[in-house]
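Have a look at the structure below, then the notes.
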Amino acid sequence: MANTYKALQTITVGAGGTASVTFTNIPQNYTDLVITTSARSTLGQPNLLVVFNGANSTLRDITAFAVGTSTTGSNAFYQGIRTTFNDSSSTANTFTNTTVYITNYASNTAVKSVSSDSVAEDNGTTYNSLYMTGGLYSSTTPITSITLIPDEAPNPNTGINIAQHSTFTLYGVFNADVSSAPSIPTIGTATAGAGSASITFTGVNNAASYIMTSNPGSITGTGTTSPIVVEGLSGGTSYTFTARAQNPLGISGASAASNSVTPTNIGYESLATSVVGAGGTTNIDFGSISSTYTHLQLRLFVQEPIDTVALQFNSDTGNNYAWHSLISENGSTRTSSATTSTNMIFAATTYGTSGSNFAVAIIDILDYANTNKFKTVRSMTGSHNNTSFSRVGIYSGLWQSTSAISSIRVRSRTSGTFAQFSHVALYGIRG
Amino acid sequence: MPATYDSLGTLTAVVNGDLQFVNIPQTYTDLVLVGSVKGTTATALLGFYFGVNGTYGSGSNLYSWNNLDTTGSSVTGSNFINQPFWGGTFGNPGTTAPADTYGTLVVHIMNYSNTTTNKTVIGRSSSLVSGNLLMVESVLLWRQTEAINSIFMATPAAIAAGSIFSLYGIKAA
């Protein structure tokens with residue numbers, strides 16, 4: 001099975017030796033790693049340590065070793081996983097034979113278990129050692145680098161060198177047949193979300209991961225299992241999706257397209273708009289307001305002959321409202337007003353609007369669906385007609401009900417009529 | 432179809448001067464102009480001026496506004512009609528403010544693309560300079576029914592480098 005067991009990096013120590021060797025930028029798309037070493041120390045030092053990600057404080061190993069004719073064991077937290085070393089006291093030209101096996105090295109949810117078999121032989125009876133080591137790297141961080149460094153506990157590597165001609169090879173092992181690029185997966189069902197879509201699919205045996213691609217836009221999401229979520233989509237735009245599988249050898253062709261879905265907007269969504277036609281209208285109503293948003297916003301562009309626009313909620317015409325205002329009128333007077341236990345919230349000024357001049361208001365109703373709170377309203381509003389008749393100010397209002405707001409009436413405070421071209425839009429805002 | 436709340440562009444003043452949004456798409460309902468603003472004059476809390484469709488300072492005098500403002504000790508107001516631009520409306524720190532002090536500005540240009548009504552704007556600004564505070568709410572009117580396709584922004588001398596403006600489009604259903 002070509003590419004199931006692949007050499008990734010090889011290091012050969014040159015003249016003069018080296019203090020340590022490091023495999024860096026280890027690819028993350030294999031299942032396990034294997035390191036083989038044939039190494040020797042320039043000084044007397046029995047251990048060569050295997051250290052992950054530059055850290056050496058979260059390693060623990062259990063070693064059974066035989067040195068000469070004696071056997072013993074060790075169970076300790078150490079600066080690295082211990083393997084043996086031919087040192088300067090061993091017969092010249094002898095090098096260790098070591099294999100380190102690291103399973104599931106790329107996991108970001110599991111700690112890493114290590115197994116190592118390591119022997120040093122010198123055709124003698126006084127120096128030879130056999131190590132069987134089980135180790136644990138107690139980190140859920142994927143392994144991206146591995147350093148092999150001589151040990152001199154408690155202070156590692158104070159001048160101990162790895163001798164010339166020592167070799168180290170890193171292999172990646174993949175747990176599936178990657179003699180070919182993966183097959184095409186089977187697309188499932190797409191489901192729209194807020195600015196996203198979730199798409200199911202049926203995977204294939206020789207895939208390491210999957211890529212979901214949108215049409216239009218070629219926006220992608222990746223994963224290893226179904227479903228895959230694609231984010232960054234535009235609300236109101238229809239998308240289909242295709243799936244591809246990939247492994248170290250390549251990427252499959254694209255699947256058939258999924259069903260079409262239209263994501264909603266993230267955060268700020270237009271719910272309804274009312275534009276007043278010829279003849280005007282007395283009330284502008286929004287009903288069947290969904291409780292799935294966090295806040296509501298009304299944006300008013302209106303003309304009304306009295307002077308004030310008011311709100312009522314859920315058809316409540318009882319004296320369950322209160323409001324306050326801070327208004328600057330004509331640039332010359334500032335007034336504040338307060339009314340309690342009344343039957344509507346004053347929320348916008350239309351003072352002096354006529355002809356082509358309309359008043360505006362931005363009205364925020366926060367936490368409108370919360371059934372533990374009365375509802376508080378805040379409005380920023382103003383009107384101007386290029387004369388001294390103008391007002392600008394802020395309103396606050398309270399509806400003394402814990403019911404979720406499901407309908408809103410926008411009306412004159414008395415008997416006024418909204419003029420043609422008045423425009424009121426309702427938006428839902430997600431928290 | 433545009434999203435409900437779209438970013439239409441950002442301008443960062445890299446040199447002292449004026450800035451302008453042009454070719455504003457007409458497919459939205461409202462515009463929201465958000466600014467982090469500083470002026471170049473060596474005075475604290477100056478005005479921020481702007482105009483639309485190339486009529487800034489043109490002498491057409493089609494602009495008017497009404498302010499509600501406070502310096503923290505009192506609430507005041509002012510009203511202007513027949514002006515050549517929207518001016519003196521919102522505060523921004525001048526160069527007497529620390530170098531890292533910018534005023535905040537949010538302006539809603541409502542129903543900007545309609546060709547039936549004059550254009551009414553509402554906005555808020557907050558400018559806090561050591562020892563000086565200015566908060567303003569203002570309603571503004573441009574007496575033209577044409578759709579707004581550009582916004583020109585200035586301060587009494589110039590907009591200071593580092594000021595940032597973002598323009599958003601809001602689309603009603």
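These protein sequence lines map, in sequence, to chains P and R. Quick note on the numbering used here: the first sequence kicks off at 1 and runs consecutively. Quick note on the numbering used here: the second sequence kicks off at 432 and runs consecutively. Virtual Cβ for every residue (Gly too), placed ideally from N, Cα, C.
Cβ neighbours of P587(R) in the same chain (closer than 8 Å, five flanking residues each side left out): Here residue 587(R) is taken as the residue at index 156 of the second sequence, counted from 1. Closer than 8 Å at Cβ, skipping near neighbours: G470, T472, L477, G478, Y480.
Opening and closing residue of the beta strand (DSSP E) in which L400(R) lies: The shown model of chain R, from 432 to 604, leaves out residue 400(R), and the question about it has no answer.
Beta-carbon neighbours of S509(R), restricted to chain P and to distances below 7 Å: Numbered from its first residue, the second sequence carries residue 509(R) at position 78. Within 7 Å Cβ-Cβ: G331.
Contact under 8 Å by Cβ, L48(P) with D151(P): By 1-based counting over the first sequence, the position of residue 48(P) is 48. By 1-based counting over the first sequence, the position of residue 151(P) is 151. Result yes, Cβ atoms of L48(P) and D151(P) sit closer than 8 Å.
Of the residues V114(P), E121(P), P263(P), T273(P), the one placed nearest I146(P), counting alpha carbons only: As a first step, residue 146(P) is located in the first sequence; it is residue number 146 there, counting from the start. Closest option to I146(P), Cα to Cα, is V114(P).
Below-8 Å beta-carbon distance, V483(R) vs any chain P residue: Within the second sequence, residue 483(R) is the residue found at index 52, counting from 1. No, V483(R) does not count as interfacial toward chain P.
Selection from Y321(P), Q9(P), N206(P), Q164(P) that minimises the alpha carbon distance to G16(P): Within the first sequence, the letter at position 16 stands for residue 16(P). Of the listed residues, the one whose Cα sits closest to G16(P) is Q164(P).
Inter-residue Cα distance where the pair is T213(P) and I601(R): Here the question's residue 213(P) lines up with position 213 in the first sequence. Here the question's residue 601(R) lines up with position 170 in the second sequence. Distance between the alpha carbons of T213(P) and I601(R): 28 Å.
C-beta contact flag for D122(P) and T144(P) at 8 Å: By 1-based counting over the first sequence, the position of residue 122(P) is 122. By 1-based counting over the first sequence, the position of residue 144(P) is 144. Not a contact, by the Cβ cut-off of 8 Å.
The stretch 354-371 of chain P: positions lying closer than 9 Å to chain R by Cβ: G355, S356, N357, F358, A359, V360, A361, I362
K602(R) at chain P interface by Cβ criterion, 8 Å: For this step, residue 602(R) is matched to residue 171 along the second sequence. Closer than 8 Å to some Cβ of chain P, the Cβ of K602(R) qualifies, so yes.
Status (buried if at least 16 other CB within 10 Å, exposed otherwise) for V446(R): Working through the second sequence from its first residue, we reach residue 446(R) at position 15. So V446(R) counts as exposed.
6 Å CB neighbourhood of T381(P) in its chain, flanking five on each side removed: Stepping through the first sequence from its first residue, residue 381(P) is reached at position 381. A348, T349, A361, listed in sequence order.
Straight-line gap, S371(P) to V173(P) (C-alpha atoms, nearest Å): If you number the first sequence from 1, residue 371(P) lands on position 371. If you number the first sequence from 1, residue 173(P) lands on position 173. Here residue 371(P) is Thr; the residue named in the question, Ser, does not match the sequence. Roughly 56 Å between the two C-alpha positions.
As assigned by DSSP and simplified to three states, the class of S467(R): The residue given as residue 467(R) occupies position 36 in the second sequence. In the structure shown, S467(R) sits in a strand (DSSP, three-state: E or B).
Residue-chain proximity (M669(R), chain P), Cβ-Cβ < 8 Å: This structure cannot speak to residue 669(R), because chain R is shown only from 432 to 604.
Range of the contiguous beta strand (DSSP E) that encloses M132(P): Residue 132(P) sits at position 132 when you count from the first residue of the first sequence. Run containing M132(P): 129-137, per the beta strand (DSSP E) assignment.
Minimum Cβ-Cβ distance from W517(R) to chain P less than 8 Å: In the second sequence, residue 517(R) corresponds to position 86, counting from 1. Chain P contact via Cβ: absent.
Presumed contact (8 Å Cβ cut-off) between S198(P) and V229(P), rounded CB distance: Residue numbering aside, residue 198(P) sits at position 198 when the first sequence is read from its first letter. Residue numbering aside, residue 229(P) sits at position 229 when the first sequence is read from its first letter. Confirmed, about 5 Å.
Test: N215(P) CB closer than 8 Å to a CB of chain B: Structure shown: chain B not included; protein chains present are P and R.
Chain R within 8 Å of T381(P), Cβ atoms only: Your numbering for residue 381(P) matches position 381 in the first sequence. Chain R, which has a Cβ nearer than 8 Å to the Cβ of T381(P), makes this yes.
From A208(P), S226(P), S412(P), residue whose alpha carbon lies closest to that of I432(P): The displayed coordinates of chain P run from 1 to 431. Any statement about residue 432(P) would go beyond what the structure contains.
Outcome for A110(P) when other beta-carbon atoms lying within 10 angstroms are tallied against a minimum of 16: Stepping through the first sequence from its first residue, residue 110(P) is reached at position 110. The residue in question, A110(P), is exposed, as its Cβ has fewer than 16 Cβ neighbours within 10 Å.
Three CB pairs or more closer than 8 Å across the stretch 493-504 of chain R and the stretch 562-578 of chain R: yes
Alpha-carbon to alpha-carbon, T333(P) and T507(R): Your numbering for residue 507(R) matches position 76 in the second sequence. Your numbering for residue 333(P) matches position 333 in the first sequence. Cα to Cα, the separation comes out at about 8 Å.
Through-space distance from V468(R) to D531(R), alpha-carbon basis: To locate residue 531(R), count along the second sequence from 1; it is residue 100. To locate residue 468(R), count along the second sequence from 1; it is residue 37. So the alpha carbons of these two residues sit roughly 11 Å apart.
Whole-angstrom distance between T141(P) and P154(P), CA atom to CA atom: Here residue 154(P) corresponds to residue number 154 of the first sequence, with the count starting at 1. Here residue 141(P) corresponds to residue number 141 of the first sequence, with the count starting at 1. Because P154(P) sits at a pLDDT of 47, beneath the cut-off of 50, its placement in the model cannot be relied upon, and the point is left open.
Span separating the alpha-carbon of S557(R) from that of F596(R): Position 126 of the second sequence, counted from the start, is the residue given in the question as residue 557(R). Position 165 of the second sequence, counted from the start, is the residue given in the question as residue 596(R). Approximately 15 Å, taken between the alpha carbons.
Cβ-based contacts, 9 Å cut-off: residues of the stretch 218-235 of chain P near chain R: S234, G235
Paired residues, beta bridge with K112(P) - DSSP: Looking up residue 112(P) in the first sequence gives position 112. Bridge partners of K112(P): Y137(P).
Local conformation of Y30(P) per DSSP, three classes: Within the first sequence, numbered from 1, the residue matching residue 30(P) stands at position 30. Coil.
Three-state class that DSSP yields for L493(R) in the structure shown: For the purposes of this step, residue 493(R) is taken as residue 62 along the second sequence, with counting starting at 1. DSSP places L493(R) in coil when its eight states are reduced to three.
M584(R) vs D449(R) beta-carbon contact at 8 Å: Your numbering for residue 584(R) matches position 153 in the second sequence. Your numbering for residue 449(R) matches position 18 in the second sequence. Yes, they are a contact pair.
Integer Cβ distance of D32(P) from Y137(P), believed to fall under 8 Å: Within the first sequence, residue 32(P) is the residue found at index 32, counting from 1. Within the first sequence, residue 137(P) is the residue found at index 137, counting from 1. No, D32(P) and Y137(P) are not in contact; Cβ-Cβ is about 13 Å, not under 8 Å.
Buried or exposed (CB count within 10 angstroms, at least 16 for buried), S196(P): In the first sequence, counting from the first residue as 1, residue 196(P) sits at position 196. When all chains shown are included, S196(P) counts as buried.
Q246(P) - DSSP class collapsed to helix/strand/coil: Indexing the first sequence from 1 puts residue 246(P) at position 246. Correct three-state label for Q246(P): strand.
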